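*Asks:*
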Amino acid sequence: MPDISQKITVMVTAYSSTPEETDDTPFITASNTVVRNGIVANNGLPFGTRVRLPEIFGDRLLEVEDRMHWRKADNQVDVWLPSKEEAVHFGVQYATMEIVSD
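By the count of full-length UniProt numbering, the sequence shown reaches residue 102 at its end, each step adding exactly one.
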């Protein structure tokens, strides 16, 4: 089990690769990678930071590879999901985000 360097309470939302939710390259993240399961967007953590949201995803590791709109707070995380329907169904949740140290 990886070490946890910090725990933060965050608001968790979800997004998908639809034009109305992204820029003109909906399948490319802000870190210039292709979207995939396990990608999250956050404005306060560096690209490549690994995090967990255990109340939602158990021990699954997620990685910060995208950014949110500039007006979104650092204590908000957006999880990439394959479809808009899944993202809408995910809704807004509050959870503890664990920042995993290398």
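Ideal Cβ placement from N, Cα and C applies to all residues, glycine included. All values reported here derive from a predicted model rather than from experimental measurement.
Look at the Cβ atom of D74, then the Cβ atom of N43, and state whether they are nearer than 8 Å.
*Replies:* Taking 8 Å as the Cβ cut-off, D74 and N43 qualify as a contacting pair.
*Asks:* Find out if the Cβ-Cβ distance for the pair W70, V40 is shorter than 8 Å.
*Replies:* Cβ distance not < 8 Å, so W70 and V40 don't count as in contact.
*Asks:* Run through DSSP, which three-state label would K7 get?
*Replies:* Note: K7 maps to strand in three-state DSSP.
*Asks:* State the DSSP-derived secondary structure class of V88, mapped to helix, strand or coil.
*Replies:* V88: helix per DSSP, three-state reduction.
*Asks:* Less than 8 Å between the CB atoms is what I'm expecting for E65 and T13, so what's the real figure, rounded?
*Replies:* Wrong, their Cβ atoms sit about 16 Å apart, outside the cutoff.
*Asks:* Between T9 and the rest of its own chain, which residues show a CB-CB distance below 8 Å, the 5 nearest in sequence each way excluded?
*Replies:* Closer than 8 Å at Cβ, skipping near neighbours: N75, Y94, A95, T96, M97.
*Asks:* Can you tell me where the alpha helix (DSSP H) with I56 in it begins and where it stops?
*Replies:* Here the alpha helix (DSSP H) through I56 covers 54-57.
*Asks:* According to DSSP, what are the bridge partners of E63?
*Replies:* Its beta-bridge partners are I39, R50.
*Asks:* Classify S16 as buried or exposed, calling it buried when 16 or more other Cβ atoms lie within 10 Å of its own Cβ.
*Replies:* The residue in question, S16, is buried, as its Cβ has 16 or more Cβ neighbours within 10 Å.
*Asks:* Do the CB positions of I99 and S5 come within less than 8 Å of each other?
*Replies:* In contact: I99 and S5 (Cβ atoms closer than 8 Å).
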